[in-house]
């Protein structure tokens, strides 16, 4: 009798476990489908009539111009630190003259885009998540919808497009400041003229260093915009959900930036080699 | 094809005014998961009247008007607005219907990042695209004067009190000349004096803009001041329908408890 009831309990536990795992898998698939539908709606609304140009330019200003101080500091420090860390190793091998080229290539190919995108994921994606999330909680998105304005077009499409366009520009700006920072770093323990440093740096950079980095920057921008907007637009109804939307926007956007980078590097490597 | 059907909406509007019914809801059902909020609701809103819907919290009052404007989709039943079945309309046609419906949200739902002027311009520029700058300015000043806040034009929503937010929100819905007004708890969270002012404003809007309104409330004072007819919801169904007199004279303990609470 006892053995029977233990077996029953075990079988109940097992079936509960299976149901819970199946429902979790179902929820995950539903979430993935939701994201794809969201992206399809963005694409559809982008090419429909009555584009919200005024809001789009306002978002470009918010995302681009308002991020300049943060990106400037990050870019300068990125180049400065990379140079200070690399110089002793290069001196050891008698290759200090390769410093400008090495730093420029690593900044333009990898460090500039990834670090700037991660900073933007923290600043822009969380901002979008929190702003749209609080608009959802305070019924502002509903108010837009009942007044015959398409909130998807006004709030989401403008933000995603602005992020897709402005983040690559911010990345190029961070690259330039990174190389200036590198020149400053090289002058802490040496004396390298500005023109000489730049001519050496650019002599090592080719078109194939720039192009893949610029292309992946657009993907970074759209990922940051889509994740921020998706999390905010689909936030719950309580105030707690605003925090959750902002937080998950940063985490998911940062993770996706790194995943997109890995894929982009693999594709670039395959194509170039 | 779309154009023809949208024109029919216009014809429907004038027909509705003749037949006196602007909204007709039949056997409406709405559930959230296993929780049935609206079980079987049927009601009519007649032209020019203020219909107050009362009931305890959680009886589905707000869900009812959110189904009318399409913020929530119903599970079963029909909603006809100006004799157009809203569930059968496409996005564009439903947009044309929505332009004739004003919705005052419980929280006001003013756009935080915009000033009062921009809040009012936002729907006006989208719904009435042919207005000149001068006409837009005049219209905004007119509605602000009608809600008694002509001097709040350049203020931000964060600078407004609860009552002022409700008034500006009302001005934002009135700016596009709606034919139907849906008020979701218009006096909730306001002091008794401001609540009275809002109730008075609802009556002023009815007279001045010739609107037909559904007022969702559990504030019995607001209900008595604004209602031409009252419907009480209980457990997702219409519990009683009648005039304010019918409700006042009712011996039903539930209705009596509502009136006693309201003083």
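Chains as they are written, first to last, in this note's numbering: chain A, 28 to 300; chain B, 533 to 795.
Ideal Cβ positions, reconstructed from N, Cα and C, are used throughout, including at glycine.
Quick check on this structure: which residue in the options has the alpha carbon closest to the alpha carbon of residue i?
i	options	result
residue 555 (chain B)	B:584, B:615, B:625 and B:582	B:615
residue 191 (chain A)	A:213, A:243, A:221 and A:211	A:243
residue 584 (chain B)	B:752, B:781 and B:783	B:752
residue 658 (chain B)	A:71, A:174 and A:287	A:174
residue 720 (chain B)	B:694, B:679, B:604 and B:706	B:694
residue 680 (chain B)	B:733, B:592 and B:553	B:733
residue 789 (chain B)	B:588, B:579 and B:581	B:588
residue 145 (chain A)	A:252, A:258 and A:263	A:252
residue 607 (chain B)	B:568, B:629 and B:633	B:568
residue 147 (chain A)	A:164, A:183 and A:98	A:98
residue 149 (chain A)	A:289, A:288, A:276 and A:286	A:276
residue 612 (chain B)	B:646, B:553 and B:592	B:553
residue 103 (chain A)	A:205, A:114 and A:55	A:205
residue 162 (chain A)	A:54, A:39, A:51 and A:269	A:269
residue 78 (chain A)	A:185, A:108, A:89 and A:112	A:185
residue 92 (chain A)	A:194, A:285 and A:114	A:194
residue 580 (chain B)	B:731, B:757 and B:737	B:737
residue 714 (chain B)	B:769, B:758, B:683 and B:590	B:758
residue 85 (chain A)	A:114, A:197 and A:182	A:182
residue 265 (chain A)	A:235, A:237 and A:164	A:164
residue 656 (chain B)	B:755, B:592 and B:707	B:707
residue 640 (chain B)	B:750, B:722 and B:791	B:722
residue 769 (chain B)	B:582, B:566 and B:593	B:593
residue 284 (chain A)	A:255, A:39, A:267 and A:221	A:255
residue 304 (chain A)	A:187, A:112 and A:223	Summary: the structure shown does not reach residue 304 (chain A), with chain A confined to residues 28 through 300, and so no result is reported for it.
Our contact map puts residue i next to residue j with C-beta atoms below 8 Å; I'd like the distance itself, whole angstroms only.
i	j	result
residue 160 (chain A)	residue 202 (chain A)	Contact doesn't hold; Cβ gap of about 32 Å is too wide.
residue 635 (chain B)	residue 595 (chain B)	Not a contact, Cβ separation roughly 14 Å.
residue 689 (chain B)	residue 644 (chain B)	6 Å
residue 780 (chain B)	residue 711 (chain B)	Not confirmed; about 30 Å, so no contact.
residue 280 (chain A)	residue 272 (chain A)	Incorrect: roughly 12 Å between the Cβ atoms, too far for contact.
residue 257 (chain A)	residue 100 (chain A)	Contact doesn't hold; Cβ gap of about 29 Å is too wide.
residue 637 (chain B)	residue 166 (chain A)	5 Å
residue 772 (chain B)	residue 787 (chain B)	7 Å
residue 702 (chain B)	residue 648 (chain B)	That pair is no contact at about 12 Å.
residue 755 (chain B)	residue 586 (chain B)	5 Å
residue 83 (chain A)	residue 213 (chain A)	Not confirmed; about 41 Å, so no contact.
residue 591 (chain B)	residue 767 (chain B)	7 Å
residue 235 (chain A)	residue 299 (chain A)	6 Å
residue 197 (chain A)	residue 94 (chain A)	6 Å
Inset, instruction - Could you tell me whether the region 64–72 of chain A touches the region 159–172 of chain A, using the rule of 3 or more Cβ pairs below 8 Å? - result: No, the region 64–72 of chain A is not in contact with the region 159–172 of chain A.
Legend entry - Residues from the region 165–177 of chain A in contact with chain B, defined by Cβ distance under 7 Å: 165, 166, 167, 169, 170, 172, 173, 174, 175 and 176
Inset, instruction - Decide yes or no for the touch test of the region 691–709 of chain B against the region 720–738 of chain B: beta carbon pairs closer than 8 Å, at least 3 of them. - result: yes
Inset, instruction - Could you please tell me which residues of the region 600–620 of chain B, in chain order, have their CB closer than 7 Å to any CB of chain A? - result: 601 and 603
Legend entry - Cβ contact (3+ pairs, closer than 8 Å) linking the region 139–156 of chain A and the region 246–259 of chain A: At 8 Å Cβ cutoff, the stretches touch.
Legend entry - Sufficient close CB pairs (3 or more, under 8 Å) joining the region 207–217 of chain A to the region 282–294 of chain A: no
Inset, instruction - Determine contact between the region 762–770 of chain B and the region 569–582 of chain B, defined as no fewer than three beta-carbon pairs at a distance below 8 Å. - result: yes
Legend entry - Runs of alpha helix (DSSP H) lying entirely within the region 692–742 of chain B, each at least 4 residues, in chain order: Here the runs fully enclosed are 694–706 and 724–741.
Inset, instruction - Answer yes if the region 648–663 of chain B comes into contact with the region 743–751 of chain B, meaning at least three C-beta pairs across the two stretches below 8 Å, and no otherwise. - result: no
Inset, instruction - Give, in chain order, every unbroken run of the alpha helix (DSSP H) that is at least 4 residues long and sits entirely within the region 165–238 of chain A. - result: If you keep only unbroken alpha helix (DSSP H) runs of at least 4 residues inside the region 165–238 of chain A, you get 167–173, 185–213 and 221–230.
Legend entry - Stretch-stretch touch, CB-based, cutoff 8 Å, three pairs: the region 121–135 of chain A with the region 207–214 of chain A: The answer is yes - the region 207–214 of chain A touches the region 121–135 of chain A, with three or more Cβ pairs under 8 Å.
Legend entry - Inter-stretch contact at 8 Å, needing at least 3 Cβ pairs: the region 598–613 of chain B / the region 556–563 of chain B: yes
Legend entry - Under 8 Å (Cβ pairs) to chain A, residues found in the region 651–667 of chain B: 654, 655, 658 and 659
Legend entry - alpha helix (DSSP H) runs wholly inside the region 49–121 of chain A, at least 4 long, in chain order: 80–90 and 95–119
Inset, instruction - Count the C-beta pairs between the region 225–238 of chain A and the region 151–166 of chain A that are closer than 8 Å, then say yes if the count reaches three, no if not. - result: no
Legend entry - Given 8 Å, three or more beta-carbon pairs between the region 669–688 of chain B and the region 638–652 of chain B: yes
Inset, instruction - May I ask you to verify whether the region 111–131 of chain A touches the region 177–187 of chain A, counting CB pairs closer than 8 Å and requiring at least 3? - result: no
Inset, instruction - May I ask you to list, following chain order, the residues of the region 632–652 of chain B that have a beta carbon less than 9 Å from some beta carbon of chain A? - result: 633, 634, 635, 637, 638, 639, 640, 641, 642, 643, 644 and 645
Inset, instruction - Quick one: which residues of the region 761–774 of chain B get their C-beta closer than 7 Å to a C-beta of chain A? List them in chain order. - result: none
Inset, instruction - Can you check the region 572–614 of chain B for any beta strand (DSSP E) of at least 3 residues that lies completely inside it and give the ranges in chain order? - result: 582–586 and 608–613
Inset, instruction - Scan the region 685–715 of chain B for residues whose Cβ lies nearer than 9 Å to a Cβ of chain A and list them as they occur along the chain. - result: 701, 704, 705, 708 and 714
Legend entry - Uninterrupted alpha helix (DSSP H) stretches inside the region 628–704 of chain B (no shorter than 4 residues): 648–659 and 665–678
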